[in-house]
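Below is one structure, written out as structure tokens; the observations come after it.
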Ligand code: F6R
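In the working numbering, the protein residues as written are 2 to 244.
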């Protein structure tokens, strides 16, 4: 486990983007697994900038970690829309290499199985993660057994409250999501987890220094052979990391 602390998130993001660029250029047909939310948005902006300066994504496949249940792909807060707005519309990735679970289907179980088949066909070279204030990764929420495969999850109160910042009201936040399970994440060749701001301190502290436990899903990363936590000073200081 590597921990890299940067003065601010801007520099941290530049570091992460350089690693993504390296993987995109070094691998023949790289698969990137992508997160949404506030944390990676600046990373996508940086990668779009790299693209403008010549980095091509034509050989890249992307899989996404998760999607809300009940939001059509065109909904402003769907993760389909997020990815389009922040990343895909600006780069030269081929549409048929983009995979995101669909939370707007009648048969969610079938969708989980369909997504697992896609993940089996596209082992992940580089996994980008954020972390929830409750320690979730993807939408693998605390408190239930670690689940290996794609599944439907009831979002925790904490996650719903935290994600309300993206919606008009708390009531508008979907109560369920479809998420990649922990197996494809743990089988990724390399993982970057980014966490910025002191509100993530407790989650980062428990993920790094606590036991591996289902109450902190991110703690499972302790047993991955190639994971880097990319932090800003705010989170590192607040969780009193000895660096
Ligand atoms: C989203 C995802 C989540 C977020 C986490 C942090 O695709 O997988 O685990 O990474 O909730 O979200 P932000 O970055 O908005 O604080």
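Virtual Cβ for every residue (Gly too), placed ideally from N, Cα, C.
Just so it is clear, the structure is predicted and the values come from calculations on it, not from any experiment.
Do you know how far the Cα of residue 145 is from the Cα of residue 4? Numbered from its first residue, the chain shown carries residue 4 at position 3. Numbered from its first residue, the chain shown carries residue 145 at position 144. Rounded to the nearest whole angstrom, the C-alpha separation of residue 4 and residue 145 is 27 angstroms.
Do you know offhand how far residue 70's Cα is from residue 186's? Here residue 70 is taken as the residue at index 69 of the chain shown, counted from 1. Here residue 186 is taken as the residue at index 185 of the chain shown, counted from 1. One C-alpha to the other measures close to 21 angstroms.
Would you call the segment 156-169 and the segment 204-215 touching, i.e. three or more CB-CB distances under 8 angstroms? They do not touch, by the three-pair rule.
Whole angstroms are fine: how far does the CA of residue 210 sit from the CA of residue 238? Taking the first residue of the chain shown as 1, we reach residue 238 at position 237. Taking the first residue of the chain shown as 1, we reach residue 210 at position 209. Here the alpha carbon of residue 238 sits roughly 14 angstroms from the alpha carbon of residue 210.
Supposed close pair residue 49, residue 7 - CB separation, criterion 8 angstroms: For this step, residue 49 is matched to residue 48 along the chain shown. For this step, residue 7 is matched to residue 6 along the chain shown. The C-beta separation of residue 49 from residue 7 comes to about 21 angstroms, leaving the pair out of contact by the 8 angstroms criterion.
When burial is assigned at 16 or more other CB atoms within 10 Å of the CB, is residue 171 buried or exposed? Stepping through the chain shown from its first residue, residue 171 is reached at position 170. Residue 171 should be labelled exposed.
Any 3 or more C-beta pairs closer than 8 angstroms across the segment 74-86 and the segment 111-121: They do not touch, by the three-pair rule.
DSSP three-state call for residue 68: helix, strand or coil? Position 67 of the chain shown, counted from the first residue, corresponds to residue 68. The answer is strand: DSSP assigns residue 68 an E or B state.
Any heavy atom of the ligand F6R closer than 7 angstroms to the CB of residue 137? Looking up residue 137 in the chain shown gives position 136. Short note on residue 137: C-beta closer than 7 angstroms to some heavy atom of the ligand F6R.
Hey, is residue 67 close to the ligand F6R, as in C-beta under 7 angstroms from one of its heavy atoms? Translated into positions along the chain shown, residue 67 becomes position 66. At least one heavy atom of the ligand F6R is nearer than 7 angstroms to the Cβ of residue 67, so yes.
Rounded distance between the beta-carbons of residue 34 and residue 128, thought under 8 angstroms: Position 127 of the chain shown holds residue 128. Position 33 of the chain shown holds residue 34. About 4 angstroms; that satisfies the 8 angstroms criterion.
May I ask you to list the residues that DSSP assigns as paired with residue 181? Within the chain shown, residue 181 is the residue found at index 180, counting from 1. Per DSSP, none; premise fails for residue 181.
Taking C-alpha atoms, which residue in 45, 59, 99 and 168 lies nearest to residue 16? Start at 1 with the first residue of the chain shown, and residue 16 comes out as number 15. With distances taken between Cα atoms, residue 16 lies closest to 45.
When burial is assigned at 16 or more other CB atoms within 10 Å of the CB, is residue 73 buried or exposed? Within the chain shown, residue 73 is the residue found at index 72, counting from 1. It counts as exposed.
Per DSSP, what kind of secondary structure is residue 119 in: helix, strand or coil? In the chain shown, the residue the question calls residue 119 occupies position 118. Helix at residue 119.
My parser needs the beta strand (DSSP E) runs of 3 or more residues fully inside the segment 137-164; what are they? Counting only runs of 3 or more, we get 152-155.
Let me know the secondary structure DSSP gives residue 196 once reduced to three states. For the purposes of this step, residue 196 is taken as residue 195 along the chain shown, with counting starting at 1. Here DSSP, grouped into helix, strand and coil, assigns residue 196 to strand.
So is residue 12 buried or exposed if we call it buried at 16+ other beta carbons inside 10 Å? On the chain shown, position 11 is the one that residue 12 refers to. Residue 12 comes out exposed.
Residue 57 (DSSP reduced to helix, strand or coil): The sequence position of residue 57 within the chain shown is 56, counting from 1. Taken through DSSP and simplified to helix, strand or coil, residue 57 comes out as coil.
Tell me the rounded alpha-carbon separation between residue 39 and residue 195. Mapped onto the chain shown, residue 39 falls at position 38. Mapped onto the chain shown, residue 195 falls at position 194. Roughly 11 angstroms separates the two Cα atoms.
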